[in-house]
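Working notes, structure below.
Numbering (the UniProt record's numbering), first residue to last: 1 to 275.
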């Protein structure tokens, strides 16, 4: 029998239930406060995702939402990893979910000039690392994994697709939306993750880059990779699957981890599709 207190759910989201906020605000203005749904708060709060998973499967261990912009899904999986490695949990459902394709969501990113304006070529609008890149393409979705301690997975006869060896997180402490120009923060995160995993740089076969297709990100991320890997960076395959999937904001890291797992299982590297 499983110990429910050693099983949890940690889900990341960058924005949360923005669609519900927009719809209920319109209802408030048009029909008055008494017509606002009593389900508004449960549907807009970010931790509803992990909460509903816990309710569905009877999980009574750690349960919370990570909100850290585009890193939310990655951080959620990292926190689940740390929780299991520390011995506090056996199994955690982790990942990221985002649904920000709403009028306000789209308009906000447009106003910030974050999005590609290549509307005449929608299939080629997302161009990470391309000299003609002009922003990302907003998308939505979710990526969820079951992360568990190895012996626990074997005892229950689970299919094991990959092993997570290390995790690290840093911050630029620089600007609310722009990365450090030299990529120092990202480089340090990669270095610490390699140390935590006990893996040498030369053992890395592929990097799934954040690769948003914005002018600032792609330059600084390239600099970070060169800082960490030196000359080996020029031999190391790097790609951005946002060229095919768009930017899922808080769900992107989780979805891209799943892409990496599939790359390992299929012995195939996903391309950067830019044109």
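For every residue, glycine included, the Cβ atom is placed at its ideal position computed from N, Cα and C.
*Do residue 13 and residue 97 have their CB atoms nearer than 7 angstroms?*
Position 13 of the chain shown, counted from the start, is the residue given in the question as residue 13. Position 97 of the chain shown, counted from the start, is the residue given in the question as residue 97. Result yes, Cβ atoms of residue 13 and residue 97 sit closer than 7 angstroms.
*asked:* In chain order, what are the residue ranges of uninterrupted beta strand (DSSP E) at least 3 long that sit wholly in the segment 21 to 93?
replied: 63 to 66
*Distance, residue 188 Cα to residue 111 Cα*: Taking the chain shown and counting its residues from 1, the one referred to as residue 111 is at position 111. Taking the chain shown and counting its residues from 1, the one referred to as residue 188 is at position 188. Looking at the two C-alpha atoms, the distance is approximately 31 angstroms.
_Beta bridge counterpart(s) of residue 151 as assigned by DSSP_ = Within the chain shown, numbered from 1, the residue matching residue 151 stands at position 151. Under DSSP, residue 151 takes part in no beta bridge, so it has no partner.
*Skipping 5 residues on each side, what residues in its chain have a beta carbon closer than 8 angstroms to that of residue 70?*
Taking the first residue of the chain shown as position 1, residue 70 is located at position 70. Within the same chain, residue 70 has close Cβ partners 14, 210, 212, 247, 249, 250, 252, 253.
*Could you give the residue range of the alpha helix (DSSP H) that holds residue 185?*
Position 185 of the chain shown, counting from 1, holds the residue named residue 185. That run of the alpha helix (DSSP H) goes 184 to 197.
*How big is the Cα-Cα spacing for residue 205 and residue 262?*
Sequence index remark: in the chain shown, residue 205 carries index 205 (1-based). Sequence index remark: in the chain shown, residue 262 carries index 262 (1-based). Each residue's alpha carbon lies about 14 angstroms from the other.
*In or out: residue 161 buried (at least 16 other Cβ within 10 Å) or exposed?*
For the purposes of this step, residue 161 is taken as the residue at position 161 of the chain shown. By the neighbour-count rule (16 or more Cβ atoms within 10 Å), residue 161 is not buried but exposed.
*Return the first residue and the last residue of the beta strand (DSSP E) that residue 10 is part of.*
Here the question's residue 10 lines up with position 10 in the chain shown. DSSP places residue 10 in the uninterrupted beta strand (DSSP E) bounded by 7 to 12.
*Rounded straight-line distance, which links the Cα of residue 43 to that of residue 145*: In the chain shown, the residue the question calls residue 145 occupies position 145. In the chain shown, the residue the question calls residue 43 occupies position 43. Each residue's alpha carbon lies about 22 angstroms from the other.
*DSSP state of residue 126, grouped into three classes?*
Walking along the chain shown from the start, residue 126 turns up at place 126. Three-state result, residue 126: coil.
*What are the partner residues of residue 208, as DSSP defines its beta bridges?*
By 1-based counting over the chain shown, the position of residue 208 is 208. In the DSSP output, where bridge partners are listed per residue, residue 208 has 239.
*CB residue 147 to CB residue 233, shorter than 7 angstroms?*
On the chain shown, position 147 is the one that residue 147 refers to. On the chain shown, position 233 is the one that residue 233 refers to. In this structure, residue 233 does not lie closer than 7 angstroms to residue 147 by Cβ.
_CB contact flag (residue 197, residue 236, <7 angstroms)_ = To locate residue 197, count along the chain shown from 1; it is residue 197. To locate residue 236, count along the chain shown from 1; it is residue 236. Against a cut-off of 7 angstroms, the Cβ pair of residue 236 and residue 197 comes out as no contact.
*Start and end of the alpha helix (DSSP H) containing residue 103?*
One-based indexing of the chain shown puts residue 103 at position 103. Residue 103 -> alpha helix (DSSP H) spans 103 to 111.
*Going by beta carbon distance, what residues of the same chain come within less than 7 angstroms of residue 208, once the five residues before and after it are set aside?*
The residue you call residue 208 lines up with position 208 of the chain shown. 239, 241, 256, 259, 260.
*Any Cβ of chain E within less than 7 angstroms of the Cβ of residue 163?*
Checking the listed chains, one finds no chain E in this structure; it contains a single protein chain.
*Look at residue 28 and residue 41 and say whether their C-beta atoms are less than 7 angstroms apart.*
Position 28 of the chain shown, counting from 1, holds the residue named residue 28. Position 41 of the chain shown, counting from 1, holds the residue named residue 41. No. Outside cutoff.
_Cutoff 8 angstroms; reference residue 4; Cβ partners in own chain excluding five residues on either side_ = The residue given as residue 4 occupies position 4 in the chain shown. Contacts found: 58, 59, 60, 61.
_Bridge partner(s) assigned by DSSP for residue 219_ = Position 219 of the chain shown, counting from 1, holds the residue named residue 219. According to DSSP, residue 219 bridges with nothing at all.
*Give the straight-line distance between the Cα atoms of residue 124 and residue 135, rounded to the nearest whole angstrom.*
Here the question's residue 124 lines up with position 124 in the chain shown. Here the question's residue 135 lines up with position 135 in the chain shown. Spanning the two alpha carbons is a distance of roughly 12 angstroms.
*Can you give me the Cβ contacts of residue 192 inside the same chain, cut-off strictly under 6 angstroms, excluding the 5 residues immediately before and after it?*
Sequence index remark: in the chain shown, residue 192 carries index 192 (1-based). Excluding sequence neighbours, residue 192 sits near 168.
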